[in-house]
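A.B. asks: Protein chains in written order, with the working numbering: chain A, 4 to 127; chain B, 8 to 140. Got a structure for you, questions after.
What follows is the structure, given as structure tokens:
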């Protein structure tokens with residue numbers, strides 16, 4: 004069993020999310036297809052507040068976490084990793100946390116485009 | 008000293024929360040190591056933005072990542088016998104001044120429960136060692 008993301012004592016206040024409990028959760032798209040496992044969460048400073056902007060899934064997220072994206076992607080390629088195994092960068096607005104235990108994409112997985120590793124290899 | 012903190016980041020600066028914040032060593036304004044970041048709390052605003060509001064430190068919170076039940080047990084044991092009474096200490100994210108290898112926080116850890124175990128050990132163990140302080 005995984006920890007609930009929401010804090011129980013905050014019902015009358017804005018919804019609280021424990022971001023660390025999102026790590027390792029599998030994301031599915033609306034059709035139930037597996038999209039990937041959340042490995043990293045990115046935030047951006049906007050008018051003095053850090054706002055969550057996207058989550059990274061798959062090996063690309065894990066390598067980013069380990070600060071070894073370049074050499075890691077190269078090594079994965081050497082080891083024969085498929086391009087599709089690269090993972091995705093998913094904008095926060097595309098993620099539905101209605102059931103925080105099972106994060107879902109608001110759009111089909113195909114709409115995410117190629118995995119991040121494949122994009123960077125193409126130089127996008 | 009607060010003056011030692013680096014310049015605040017510019018608008019648009021990006022932060023990788025797992026790489027740069029979670030499980031990082033916290034260092035207070037006196038350069039004192041003050042525990043690890045065990046949790047990151049965000050608040051879902053009415054406009055749909057998810058805004059980071061705080062970081063947390065405490066064994067129950069760290070364990071809840073793996074097993075909420077065991078985390079709750081540890082919190083209950085802590086309330087009964089723990090030095091920190093099972094408390095998870097929350098630090099407003101506005102107090103976080105720098106991230107990376109260390110997370111620099113603008114507070115005096117000695118005045119918070121962050122160093123409760125260190126204080127307890129100093130008073131109950133280290134002080135009784137012959138020749139100590």
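Ideal Cβ placement from N, Cα and C applies to all residues, glycine included.
Please list, in chain order, the chain B residues whose beta carbon lies closer than 9 Å to that of residue 50 of chain A.
C.D. replies: The sequence position of residue 50 of chain A within the first chain is 47, counting from 1. The answer, in chain order, is 18.
A.B. asks: Just the chain B side, please: which residues come within less than 9 Å of residue 21 of chain A by C-beta, in chain order?
C.D. replies: The sequence position of residue 21 of chain A within the first chain is 18, counting from 1. Under the 9 Å cutoff, chain B gives 46, 47, 48, 49, 63, 68, 71 and 72.
A.B. asks: To the nearest angstrom, how far is the alpha carbon of residue 62 of chain A from that of residue 27 of chain A?
C.D. replies: To locate residue 62 of chain A, count along the first chain from 1; it is residue 59. To locate residue 27 of chain A, count along the first chain from 1; it is residue 24. Taking the straight line joining both Cα atoms gives about 12 Å.
A.B. asks: Once you ignore the five residues that flank residue 45 of chain A on each side, which residues in its own chain have a CB closer than 6 Å to its CB?
C.D. replies: For this step, residue 45 of chain A is matched to residue 42 along the first chain. Result list for residue 45 of chain A: 56 and 57, in chain order.
A.B. asks: Between B/93, B/51 and B/77, which lies nearest to residue 101 of chain A when the distance is taken from Cα to Cα?
C.D. replies: On the first chain, position 98 is the one that residue 101 of chain A refers to. Selected option, being the one with the closest Cα: B/51.
A.B. asks: Report yes if the C-beta distance between residue 31 of chain A and residue 20 of chain A is below 8 Å; otherwise report no.
C.D. replies: If you number the first chain from 1, residue 31 of chain A lands on position 28. If you number the first chain from 1, residue 20 of chain A lands on position 17. No, the Cβ-Cβ distance between residue 31 of chain A and residue 20 of chain A is not below 8 Å.
A.B. asks: Work out the CA separation of residue 12 of chain B and residue 73 of chain B for me, nearest whole Å.
C.D. replies: Here residue 73 of chain B is taken as the residue at index 66 of the second chain, counted from 1. Here residue 12 of chain B is taken as the residue at index 5 of the second chain, counted from 1. Near 34 Å, if we compare the C-alpha coordinates of residue 12 of chain B and residue 73 of chain B.
A.B. asks: Who are the Cβ neighbours of residue 102 of chain B in its own chain at under 7 Å, not counting the five residues just before and after it?
C.D. replies: Position 95 of the second chain holds residue 102 of chain B. For residue 102 of chain B, where only same-chain residues beyond five positions count, the Cβ hits under 7 Å are 112, 113 and 114.
A.B. asks: Going by CA-CA distance only, name the one from A/52, A/108 and A/115 that's closest to residue 17 of chain B.
C.D. replies: The residue labelled residue 17 of chain B in the question sits at position 10 within the second chain. When only C-alpha atoms are compared, the closest one is A/52.
A.B. asks: Give a yes or no on whether the minimum CB-CB distance between residue 111 of chain B and chain A is below 8 Å.
C.D. replies: Indexing the second chain from 1 puts residue 111 of chain B at position 104. The beta carbon of residue 111 of chain B sits no closer than 8 Å to any beta carbon of chain A.
A.B. asks: Using a Cβ-Cβ cutoff of 9 Å, what residues of the stretch 87-114 of chain A are near chain B? List them in chain order.
C.D. replies: 95, 96 and 100
A.B. asks: Contact criterion: CB-CB distance below 8 Å. Does residue 21 of chain B meet it with respect to chain A?
C.D. replies: Position 14 of the second chain, counting from 1, holds the residue named residue 21 of chain B. Residue 21 of chain B counts as touching chain A.
A.B. asks: Using a beta-carbon distance cut-off of less than 7 Å, what residues from the stretch 22-39 of chain B approach chain A?
C.D. replies: 22, 23, 24, 25, 26 and 29
A.B. asks: Between which residues of its own chain and residue 30 of chain B is the CB-CB distance below 8 Å, once the five residues before and five after are set aside?
C.D. replies: Stepping through the second chain from its first residue, residue 30 of chain B is reached at position 23. The residues are 43, 44 and 45.
A.B. asks: Can you find the residues in the same chain that come closer than 7 Å, C-beta to C-beta, to residue 81 of chain B, ignoring five residues on each side of it along the sequence?
C.D. replies: Working through the second chain from its first residue, we reach residue 81 of chain B at position 74. Counting only Cβ-Cβ distances below 7 Å, and skipping sequence neighbours, we find 66, 67 and 70.
A.B. asks: Determine, for residue 29 of chain A, whether the minimum Cβ-Cβ distance to residues of chain C falls below 8 Å.
C.D. replies: The structure shown contains no chain C; its protein chains are A and B.
A.B. asks: Leaving out the 5 sequence neighbours to the left and right, which residues in its chain are closer than 7 Å to residue 121 of chain B when beta-carbon positions are compared?
C.D. replies: Position 114 of the second chain, counted from the first residue, corresponds to residue 121 of chain B. Excluding residues within five positions, the ones whose Cβ falls inside 7 Å are 41, 42, 64 and 96.
A.B. asks: Which residue's Cα is closest to the Cα of residue 90 of chain A: A/99, A/42 and A/25?
C.D. replies: Along the first chain, read from residue 1 onward, the residue named residue 90 of chain A stands at position 87. For residue 90 of chain A, the nearest C-alpha among the options comes from A/42.
A.B. asks: Can you pull the chain A residues whose beta carbon is under 8 Å from the beta carbon of residue 133 of chain B, in chain order?
C.D. replies: By one-based count along the second chain, residue 133 of chain B stands at place 126. What residue 133 of chain B touches in chain A: nothing, since even the nearest Cβ is about 32 Å away.
A.B. asks: In the DSSP assignment, the alpha helix (DSSP H) including residue 91 of chain A goes from what residue to what residue?
C.D. replies: If you number the first chain from 1, residue 91 of chain A lands on position 88. Taken as a continuous stretch (DSSP letters only), residue 91 of chain A belongs to no alpha helix (DSSP H), as it is neither H nor E.
A.B. asks: Note the first and the last residue of the continuous beta strand (DSSP E) segment covering residue 109 of chain B.
C.D. replies: Here residue 109 of chain B corresponds to residue number 102 of the second chain, with the count starting at 1. Residues 109-112.
A.B. asks: On the DSSP bridge list, what partners appear for residue 39 of chain A?
C.D. replies: Here residue 39 of chain A is taken as the residue at index 36 of the first chain, counted from 1. According to DSSP, residue 39 of chain A bridges with A/30.
A.B. asks: In the DSSP output, what is residue 66 of chain B paired with across the bridge?
C.D. replies: On the second chain, residue 66 of chain B is found 59 positions in, with the first residue counted as 1. Residue 66 of chain B is not bridged to any residue.
A.B. asks: Taking the beta carbon of residue 49 of chain B as the centre, do at least 16 other beta carbons fall within 10 Å, making it buried, or is it exposed?
C.D. replies: On the second chain, residue 49 of chain B is found 42 positions in, with the first residue counted as 1. Residue 49 of chain B comes out buried.
A.B. asks: Quick one, which of A/33, A/104 and A/105 has its alpha-carbon nearest residue 114 of chain A's?
C.D. replies: As a first step, residue 114 of chain A must be located in the first chain, where it is residue number 111. If we check each option's Cα against that of residue 114 of chain A, A/33 comes out closest.
A.B. asks: Taking a Cβ distance cut-off of 7 Å, strictly less, list which residues of the stretch 83-107 of chain B are near chain A, in chain order.
C.D. replies: 100
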